[in-house]
Each structure stands twice: as structure tokens, then as C-alpha cells.
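Trainee: Numbering (the numbering used here), first residue to last: 1 to 440. Handing you a structure now.
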């Protein structure tokens with residue numbers, strides 16, 4: 001009875017442990033310590049084994065199995081492309097299971113997926129995606145734009161969705177192999193590009209709401225034309241209704257998950273019904289301005305302190321950390337011509353600034369459009385005119401021109417020293433890679 005009482009006392013605190021050990025004989029004490037060492041060693045061995053298993057099972061680019069298509073589709077005219085409706089000849093797939101880890105990557109002809117109807121992605125949105133672009137430069141070389149930022153974000157999204165981890169560098173190399181194989185699909189145009197869509201879904205055939213034991217990572221690609229077909233900026237009007245919320249703190253607004261987009265469609269339809277092109281997403285009792293449709297938001301203005309400022313909402317869990325958003329911030333900091341801030345903006349601040357003629361430009365940013373000017377905000381039955389186009393828009397045009405130069409004219413070389421990413425593969429340090437552009 002006393003022995004069992006002492007063992008139970010360990011759950012209530014460590015103060016009974018010395019008392020218990022003192023009651024043991026020397027031989028019993030030595031035996032117990034030996035047993036604890038054996039258990040500890042077993043735990044270490046098991047942990048090491050599974051750690052090695054995970055490392056070994058990570059998908060490796062060198063193991064890619066390539067099956068080339070035998071029938072090739074005609075390449076469309078870049079000027080006639082509709083976003084995301086035409087796909088290249090090949091795709092990348094990598095399967096994962098808790099039992100066997102990552103399988104070898106496959107590049108194969110584009111084909112339909114075969115999924116069990118009970119797959120968790122179909123029922124509980126256990127999935128995520130990414131979006132990046134490959135550009136054909138004026139030197140005819142193909143480059144990806146800051147792909148490491150996409151891999152980092154995809155990794156974070158996978159963790160949030162309880163999908164398995166992966167080697168970001170290896171996945172990027174697999175994607176590069178896919179782009180090389182379908183390189184003729186990268187438009188011969190400085191105004192068009194090849195959109196790359198990595199996707200990660202849970203495929204376990206179970207109706208239980210739980211962490212998946214099976215998953216599929218796949219990549220498809222689609223040539224896309226210029227966002228502004230006329231070659232000039234077409235400003236958008238925004239519908240700001242506080243009744244709808246895109247994301248909230250503690251949620252998944254900072255992850256690129258399909259559920260975030262599906263839940264936004266109803267508000268988007270309401271915006272169109274009310275004569276607007278996009279939704280201006282608000283958050284909180286103070287109506288914080290967060291995002292524009294599926295884009296990050298920027299406000300170029302004279303702030304409350306009389307300073308010329310480029311402001312965008314901070315990454316507080318509600319905002320998606322956009323690659324274009326980060327690129328604009330990096331450029332603006334490099335220019336050093338005005339204050340650059342990640343700060344909270346509200347409808348009251350915007351309204352007061354408009355009344356004081358302090359707003360210069362307002363625009364969204366994203367992979368699809370780079371920058372998209374805003375001309376109106378409809379809020380509580382009132383139409384607020386945003387004088388973006390009256391100001392050029394000088395800043396938005398400058399940003400678009402500079403980022404386009406980086407993407408298609410290889411001018412990222414002058415910026416390579418600005419930001420570099422460190423990566424590791426199989427425990428060995430790789431050579432630093434510039435995050436502005438990476439040649440395929």
C-alpha cells in the first residue's frame with residue numbers, strides 16, 4: 001500500500017520521490033535506475049530511428065521519375081488567354097503516407113486524379129495551395145520569381161493543416177524540372193507568364209475529423225496573359241460590408257487554404273450585384289481595412305502626422321503574407337523616399353484622409369495582377385472616391401514597371417545583395433540563393 005501511494009504521489013509532485021527512494025533497498029534502487037536507463041535508451045533509439053526514417057523518406061529531386069507525354073497540345077496565343085483555363089502537358093505528383101513516408105516524385109502527362117470519395121480534402125478542406133510564376137526574360141532565359149518565399153509559405157500552411165512536412169529546396173527543384181520539361185509553355189512574351197500551382201491535399205479515405213495519414217502533393221501549370229488586357233490600368237471599385245469577415249485572429253487567414261477562398265465567394269457575388277468588382281475586407285469593431293478581394297492592400301497617403309507614407313496592414317494572422325506584398329515593401333525600403341509602414345488602417349482613418357485630401361493612391365497587390373489600382377469604395381451606402389488615377393497613378397505604375405523589369409529583364413541582379421535565403425539539404429549548407437529571381 002505504501003509503495004503504491006508513493007508512486008501515485010509522483011503525479012501530485014516530486015516531493016515524495018526522495019522518500020520513496022529512501023524506502024527502497026540498495027539492490028532495488030540500483031535495479032530501478034537500470035530499468036529507467038533502459039527505457040530512456042529505448043526512447044532515444046526509437047526517436048533517432050523515426051527521425052532518420054523521416055529524413056530518408058523526404059522526396060528527393062534526384063529520384064524524380066519522368067514519363068513524357070506522347071500527345072502534345074497546341075500552345076495558345078498569350079493575348080487570348082483566360083486565367084487558369086489552359087494547362088500544360090505535364091504535372092508533378094508526390095504521394096505520402098504515415099506508413100511509408102514520401103514516395104518518389106513523378107512527372108507525368110497531365111491527367112485526372114483518382115480519389116476515394118471519403119478523402120479528407122473533399123469533406124473537411126484538408127488542403128492548401130500556392131501560386132507562383134515563371135517568366136521568359138528578354139534574354140530568353142526562364143526564371144521563377146522569388147520561389148523560396150512561396151515554399152516557406154507553403155510549408156507553414158502545411159503545418160497549420162496538419163499535412164506532413166517536406167524539404168522546401170527539394171520540392172522547388174522538382175518544380176524546376178517540371179518547368180524545364182514544359183518550358184515551351186512559358187509564353188514568348190514580356191506581358192505573359194506561366195502560372196505554377198502547387199497543391200497539397202489530404203487523401204485518407206475516412207470520415208473522421210482528424211490529422212490525415214495519407215496525402216498527395218501535386219503541381220499543375222497554366223500559361224496566363226496580362227492581367228490588364230488593354231495594357232493600361234483598369235481601376236476597381238470595392239464593396240466594404242462589415243457583415244462579412246474573410247479571416248480572424250487565431251484562424252487561417254495567413255495560410256493559403258482553399259477554405260478561405262470558398263467562404264469569400266458569397267460576399268464577392270454581393271459586391272458584383274452592387275456594381276463593384278471586389279470586396280474590401282474589414283475586421284473588428286473599428287472596421288480595420290485588411291485585404292482587397294484576394295489581394296493585399298496598400299495605401300499611399302499623407303498620414304495623420306503629415307508624413308508621406310506607404311502603408312499596408314501588418315501580418316497579425318489575419319493577413320496573407322503575399323510575395324508581391326513583400327516585394328513592394330522591399331522596393332519601397334530600398335528607395336527610401338517616403339515612410340514605409342506595416343500598420344493598422346481603418347475606415348475612419350481612410351474617410352478622414354479623403355476629407356482632408358490626403359489620399360494619393362490605393363491599390364491591391366498579388367501574383368496575378370502585381371498591382372491593381374482602386375478608384376472607389378462603397379461603404380454603408382456611401383461611395384467614397386479614391387483619387388488613385390488622378391495621381392497617375394505614379395507609385396503603382398512605378399512598382400509595376402520595376403517588378404516587371406525584375407521578372408522579365410533580369411534586373412534582379414542589382415538586387416541580389418538585398419535579400420538572400422539560407423537553406424539546408426541533408427544537413428549540408430547550400431550556397432545562398434537570391435530570392436528575387438531564380439533561373440530554371
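Note that the Cβ used here is the ideal one computed from N, Cα and C, for glycine as well.
1. What is the DSSP secondary structure of residue 407, counted as helix, strand or coil?
2. Is it buried or exposed for residue 441, if we count other Cβ within 10 angstroms and need 16 for buried?
3. Is it buried or exposed for residue 250, if we count other Cβ within 10 angstroms and need 16 for buried?
4. In chain order, what residues of the same chain have a beta carbon less than 6 Å from the beta carbon of residue 373, not counting five sequence neighbours either side?
5. List the residues that DSSP assigns as beta-bridge partners of residue 200.
6. Have a look at residue 216 and residue 123 and give me their C-alpha separation to the nearest angstrom.
7. Could you tell me the alpha carbon to alpha carbon distance between residue 191 and residue 370, rounded to whole angstroms?
8. Considering just the uninterrupted stretch of the alpha helix (DSSP H) at residue 154, what are its terminal residues?
9. Specify the secondary structure class of residue 192 as computed by DSSP and reduced to three states.
10. Determine the DSSP secondary structure at residue 343, reduced to helix, strand or coil.
11. Indicate whether the contact test is met: 3 or more Cβ pairs, each with one atom in the segment 335 to 342 and one in the segment 286 to 295, closer than 8 Å.
12. So, do the segment 78 to 90 and the segment 217 to 225 have three or more beta carbon pairs nearer to each other than 8 Å?
13. Provide the residue span of the beta strand (DSSP E) that contains residue 94, from first to last.
14. By Cβ distance below 6 Å, which residues in the same chain neighbour residue 97 in space, the five residues on each side in sequence not counted?
15. Could you round the C-beta distance between residue 144 and residue 326 to whole angstroms and report it? I think they count as a contact, below 8 Å.
16. On the three-pair Cβ rule with 8 Å, is the segment 258 to 277 touching the segment 295 to 307?
17. Taking the beta carbon of residue 89 as the centre, do at least 16 other beta carbons fall within 10 Å, making it buried, or is it exposed?
18. Among the residues of its own chain, which have a CB less than 6 Å from the CB of residue 13, if the five just before and after it don't count?
19. Under the rule that 16 or more other beta-carbon atoms within 10 Å means buried, what is residue 440, buried or exposed?
20. Alpha carbon to alpha carbon, how far is residue 205 from residue 174? Give it in angstroms, no decimals.
21. Using CA atoms only, rank isn't needed, just tell me which of 218, 354, 330 and 349 is closest to residue 403.
22. Determine which residues share a DSSP beta bridge with residue 136 and list them.
23. Bridge partners for residue 300 per DSSP, in chain order?
24. Thinking C-alpha only, which one of 195, 359 and 284 is nearest residue 311?
25. Starting from the Cα of residue 157, find the closest Cα among 322, 343, 354 and 381 and give me that residue.
26. What is the DSSP secondary structure of residue 172, reduced to helix, strand or coil?
27. Report the start-end ranges of each alpha helix (DSSP H) in the segment 227 to 269 that is 4 residues or longer and not cut off at the edges.
28. Compare the beta carbon distance of residue 347 and residue 220 with 8 Å and say whether it is the shorter of the two.
29. I'd like the span of the beta strand (DSSP E) that includes residue 115, first residue to last.
30. Can you name, in chain order, every residue of its own chain whose Cβ lies under 6 Å from the Cβ of residue 33, other than the five neighbours on each side?
31. Please return the same chain residues whose Cβ sits closer than 6 Å to the Cβ of residue 202, not counting the five positions on each side in sequence.
Mentor: Walking through what the data contain:
1. helix
2. With the chain covering 1 to 440 only, the question about residue 441 has no answer from this structure.
3. exposed
4. 233, 235, 363, 388, 393 and 396
5. 128 and 217
6. Their backbone Cα atoms lie some 15 Å apart in a straight line.
7. Taking the Cα positions, residue 191 is about 12 Å away from residue 370.
8. 147 to 160
9. coil
10. Residue 343 falls in the coil class under three-state DSSP.
11. no
12. yes
13. Residues 90 to 97.
14. 214
15. 15 Å between Cβ atoms; not a contact.
16. no
17. buried
18. The predicted model places residue 13 with a pLDDT of 40, which falls under 50 and marks its position as unreliable; any figure quoted below should be read in that light. So the list is empty, once near-sequence residues are dropped.
19. Answer is buried; the Cβ neighbour count reaches 16.
20. 27 Å
21. 330
22. 142
23. 310 and 361
24. 359
25. For residue 157, the nearest C-alpha among the options comes from 322.
26. Here residue 172 sits in helix by DSSP.
27. 258 to 262
28. no
29. Residue 115 -> no beta strand (DSSP E), and no H or E assigned at all.
30. With a pLDDT of 44 at residue 33, under the threshold of 50, the modelled position of this residue cannot be trusted, and the question is left open.
31. 120, 121, 126, 212 and 215
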